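So the protein lines, in turn, are chains D and P.
Under numbering that gives the first Met the number 0, read the first sequence as residues 0 to 388, first letter to last.
Under numbering that gives the first Met the number 0, read the second sequence as residues 0 to 388, first letter to last.
Okay, structure first, notes after.
2 protein chains.
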Amino acid sequence: MLGNFTYCNPTKLYFGDASLQYLNAELLKYGKNVVLIYGGGSIKRNGIYDEVTEILKAAGKNVAEISGVMPNPTLEKLYEGIEIARGHHADLLLAVGGGSVCDYAKAVSVSVNCEEDPWEKYYLRFEEPTCEIVPVGCILTMVGTGSEMNAGAVITNRETKMKIGHVFADEAIMPRFSILNPKYTLTLPPYQMVSGIYDIFNHICEQYFSGEDDNTSDYLSEGLMRSVIHSSRIAVKDPQNYEARSNLMWTATWALNTLVSRGKSTDWMVHMLGQAVGAHTDATHGMTLAAVSLPYYRYIMPYGLAKFIRFAKNVWDVDASGKSDEQVAAEGLNAMENWMKELGLVMNITELGVSEEMLEDLAQSTLIQTDGYKVLDHDEIVEIFRNSL
Amino acid sequence: MLGNFTYCNPTKLYFGDASLQYLNAELLKYGKNVVLIYGGGSIKRNGIYDEVTEILKAAGKNVAEISGVMPNPTLEKLYEGIEIARGHHADLLLAVGGGSVCDYAKAVSVSVNCEEDPWEKYYLRFEEPTCEIVPVGCILTMVGTGSEMNAGAVITNRETKMKIGHVFADEAIMPRFSILNPKYTLTLPPYQMVSGIYDIFNHICEQYFSGEDDNTSDYLSEGLMRSVIHSSRIAVKDPQNYEARSNLMWTATWALNTLVSRGKSTDWMVHMLGQAVGAHTDATHGMTLAAVSLPYYRYIMPYGLAKFIRFAKNVWDVDASGKSDEQVAAEGLNAMENWMKELGLVMNITELGVSEEMLEDLAQSTLIQTDGYKVLDHDEIVEIFRNSL
């Protein structure tokens, strides 16, 4: 840990199959006016909506609703939510859903009392809020993004075709509390489940594969990766396995709450490549990452060989004896490939709707990162996309 | 993660060789009256005292002092500190030192506004505070206890010969901020350094060696243990290696801030055995743990064999091929023994001043834990102490 850094993460987590019982105690801390925020209505079908509204009612809360928050929350939807929260004089924004709903609630929380346009202030100028922030609580129903314990909020501007994530610096923007009940994730379709699992794994990879220093964060990352690999193998064969799903839920939170990036550089290039694919195909986020990550990591491997050797040994138990460094590193990525196939992840962008003639456009809309083992140029990005076909 | 649990840790950490610069921004959040708390005066010799008081002066603070906080802070000293903090109308308690000074500051923080006797309320009845808590900030100069990011506070009552630790449930008792500057730890004598290193490692072991479930916390523990082993080998050869010392500082914080015990049982039996040795010999805490831990773990190994096999493979890279389960598990503990000898730890209680005829007394004063792989009876404790001679 050579650099200087800060760490603060005050979100209170309630974890387990009985964790919703703590909602009542949390509600006592906030005023009467609650805005309940959710997505497409699956929480109405699986009974979570009824459970939550009953608790809100028993607590005497005055509830308004923002429903229909989409997988990539739009700026239009944000404006709509701000108006509802303002009109309701919201004391608490209660998000019930996955990462998009949590992200959206955080974006509303910093905008309700903001006199400027939030898109310009937070997403174009990347400023921190200067107004009072409305507290956010989360009840998580999907696993992967880590939004339940961080200060990130991605918003999409459909008009300008820009999807921008702002990870705020102020820990006050993190949810005050998050309720993590693994039971709520059991009904997710397998495609979404494995997509979320790869999202978790890749979050860790993008913080791990950068930097040459000796850093405790990398050891924590290796522990988390081993846990994801182990539990995912159980969950993909037996999606109803509560223990495996609970481990995945917990690793997702810790994979992206800033812990494993402390004191080191990070390289979010796979997210940039994947998001370009997503923008052109509307494919599921985790699958876009899965489809481009191995071609990317194989391309940069020679430039960060020591870390890839470490990955092979410490994460995949590759036996290095009698092998060249390159062989060991390659075997690590091969082991990762086998695991990804075992999960049934999408392993190429062709399957996601990308064709040869789209590659130039994709590369054009890929934001280049500068903290990886190799800073890519346009032609290299095209080559990686071609290797991903 | 099968159980239900909560996690909340709001302490803001400032880490690095330039981290003291953030003290000023933190001071702005609190009132004028600061009580500076420190130990035996080493901070006066190494210049930290001057640096800190200069910042306090520049911030216009009205400073009182509690000095002479001893390695095992006594109840008498606690009463003295309460009076000073009350008389000064303290807005902030600023601890500068190691775990004892941090522990002491937390004990004062819950007692200043407490109308009952703190020893009876917090250490005999184990109650939570019902009064207003005075905020605590820490500037850490020694590594090991994790007190900088948890709600624990150990106090010793010399009159009744009781040393009791209370880990408070309320996260408000955790330090508001802690400044972790690895440079401050470079001047520590080697004996204290390796003793602290073993304290870190053993904190992780005591949370790891318990339970049969499948838990992400154990993967995080393995990562932290690997990091401690790796960095300790560098630090013991080259104590001035900033990077190794910084990794050790960071692992110490995460080894005991509740993260790696989430969702699982823990077994603090080594601490109980070690504390009994400490009570009869006044030996250094980490060394008492080192001297009893292998005899304890070898004794309970058959009862928790699966976890000891996992420890051997995942922490010590023991090659299991062609070996019996017992062999693999034993090789893990042998590897741990070799590492401990490499560090120069005290490997037996004889060297700490314990003789054969003291064993019955030691066993008598050892508090039995019930969440380990084997609940020990008196004779077994005597046997483990005998194996530690």
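Using N, Cα and C, we set each Cβ at its ideal position, and we do this for glycine too.
None of these values were measured; they are calculated from a predicted model.
Quiz item: Beta-carbon of P:Ile6 versus every beta-carbon of chain D: anything under 8 Å?
Solution: Position check: residue 6 of chain P holds Tyr in this sequence, whereas Ile was assumed. By the rule that beta-carbons nearer than 8 Å mark a contact, P:Tyr6 touches chain D.
Exercise. Kindly indicate which residue of D:Leu179, D:His165, D:Tyr122 and D:Arg175 has the alpha-carbon position closest to the one of D:Met141.
Key: Shortest Cα-Cα distance from D:Met141 to any of D:Leu179, D:His165, D:Tyr122 and D:Arg175 involves D:Leu179.
Quiz prompt | Under the three-state DSSP convention, the category D:Lys11 falls into | solution = strand
Practice problem: Please report how far the alpha carbon of D:Leu358 lies from the alpha carbon of D:Asp281, in whole angstroms. | Solution: So the two alpha carbons sit approximately 16 Å from each other.
Practice problem: For P:Phe14, go through chain C and note every residue whose CB falls closer than 9 Å to its CB, in chain order. | Solution: Considering every chain present, this structure includes no chain C. Its protein chains are D and P.
Quiz item: Taking the Cβ atom as the reference point for each residue, do P:Thr365 and P:Met271 lie within a distance shorter than 8 Å?
Solution: yes
Quiz item: Looking only at its own chain, which residues have a Cβ that is under 6 Å from the Cβ of D:Asp212, when we skip the five neighbours before and after it?
Solution: Short of 6 Å from the beta carbon of D:Asp212, and not among the five residues preceding or following it, lie these beta carbons of its own chain, in chain order: Leu1.
Exercise. Note down the Cα distance separating P:Ala275 from P:Asp102, rounded to an integer number of angstroms.
Key: 20 Å
Practice problem: Examine chain D for any beta-carbon lying closer than 8 Å to the beta-carbon of P:Ser146, and answer yes or no. | Solution: no
Quiz prompt | In chain order, each alpha helix (DSSP H) run of at least 4 residues that lies wholly inside the region 335-367 of chain D | solution = 358-363
Quiz item: Which residue's Cα is closest to the Cα of D:Ile154: D:Leu139, D:Val68 and D:Ala94?
Solution: Out of D:Leu139, D:Val68 and D:Ala94, the CA that lies nearest to the CA of D:Ile154 is found in D:Val68.
Quiz item: Near P:Glu127, which residues of its chain fall below 8 Å by C-beta distance, leaving aside the five closest residues on each side in sequence?
Solution: Phe167, Ala168 and Asp169
Practice problem: Take P:Gly277 and list the residues in its own chain whose beta-carbon comes closer than 7 Å to its own, dropping the five residues that flank it on each side. | Solution: His284 and Thr287
Quiz item: For a contact meaning CB atoms closer than 9 Å, what does D:Arg225 contact in chain P?
Solution: Tyr218, Glu221, Gly222 and Asn313
Practice problem: Closer than 7 Å by beta-carbon distance: list the chain P residues that pair up with D:Trp391, in chain order. | Solution: Chain D is shown only over 0 to 388; residue 391 of chain D falls outside these bounds and no answer can be derived.
Self-check item: Residue range of the unbroken alpha helix (DSSP H) whose run includes P:Cys204
Solution: Pro189 to Tyr207
Self-check item: Where D:Glu119 falls, given that 16 or more other Cβ within 10 Å makes a residue buried
Solution: exposed
Quiz item: Hey, is P:Ser209's beta-carbon within less than 8 Å of any beta-carbon in chain D?
Solution: With 8 Å as the cut-off, P:Ser209 does not count as an interface residue toward chain D.
Practice problem: Could you name the residues of chain P that D:Asp213 contacts, counting a contact when the two beta carbons are closer than 7 Å? | Solution: Glu242 and Asn246
Quiz item: Residues in its own chain within less than 6 Å of D:Tyr48 by CB, not counting five upstream and five downstream?
Solution: Ile42
Practice problem: Answer yes or no: does any C-beta atom of chain D fall closer than 8 Å to that of P:Ser18? | Solution: Yes, its Cβ sits closer than 8 Å to a Cβ of chain D.
Self-check item: Nearest to D:Leu139 (by Cα), restricted to the options D:Asp116, D:Leu187 and D:Ile132
Solution: D:Leu187
Self-check item: First and last residue of the uninterrupted beta strand (DSSP E) at D:Phe176
Solution: Where D:Phe176 is concerned, the enclosing beta strand (DSSP E) stretches over Phe176 to Leu179.
Practice problem: Output yes or no for whether 8 Å exceeds the beta carbon distance between D:Cys204 and D:Val291. | Solution: In this structure, D:Cys204 sits away from D:Val291, with a CB-CB distance that is not shorter than 8 Å.
Quiz item: If D:Lys11 sits next to D:Asp90, beta carbons under 8 Å apart, how far is it from one beta carbon to the other, in whole angstroms?
Solution: With a Cβ gap of about 17 Å, D:Lys11 and D:Asp90 do not count as contacting.
Quiz item: The beta strand (DSSP E) spanning P:Gly151 covers which residue range?
Solution: P:Gly151 -> beta strand (DSSP E) spans Gly151 to Asn156.
Quiz item: Contact check, D:Met192 vs D:Ala234 under 8 Å by CB: the rounded distance?
Solution: 7 Å
Practice problem: Would you kindly report the start and end of the unbroken beta strand (DSSP E) that includes P:Ala94? | Solution: Leu91 to Gly96
Quiz item: Looking at the C-beta of P:Thr250, does it have a partner C-beta in chain D at a distance below 8 Å?
Solution: yes
Practice problem: From the DSSP output, in three-state form, read off P:Lys162 for me. | Solution: strand
Practice problem: Spell out whether any CB of chain D is found under 8 Å from the CB atom of P:Pro128. | Solution: no
Self-check item: Residue nearest to P:Pro189 in terms of C-alpha spacing, selected from P:Arg44, P:Glu379, P:Val345 and P:Gly15
Solution: Residue nearest to P:Pro189 within the set P:Arg44, P:Glu379, P:Val345 and P:Gly15 is P:Val345 (criterion: CA-CA distance).
Practice problem: Verify the CB distance criterion: does D:Lys120 have a CB-CB separation below 8 Å to chain P? | Solution: no
Exercise. Quick one: using the 10 Å Cβ neighbour count with 16 as the cut-off for buried, is P:Lys105 buried or exposed?
Key: buried
Quiz item: What's the gap between the Cα of D:Pro134 and the Cα of D:Asn112?
Solution: 12 Å
Quiz item: Would you call the region 318-327 of chain P and the region 300-310 of chain P touching, i.e. three or more CB-CB distances under 8 Å?
Solution: Contact between the region 318-327 of chain P and the region 300-310 of chain P is present, because at least three Cβ pairs lie under 8 Å.
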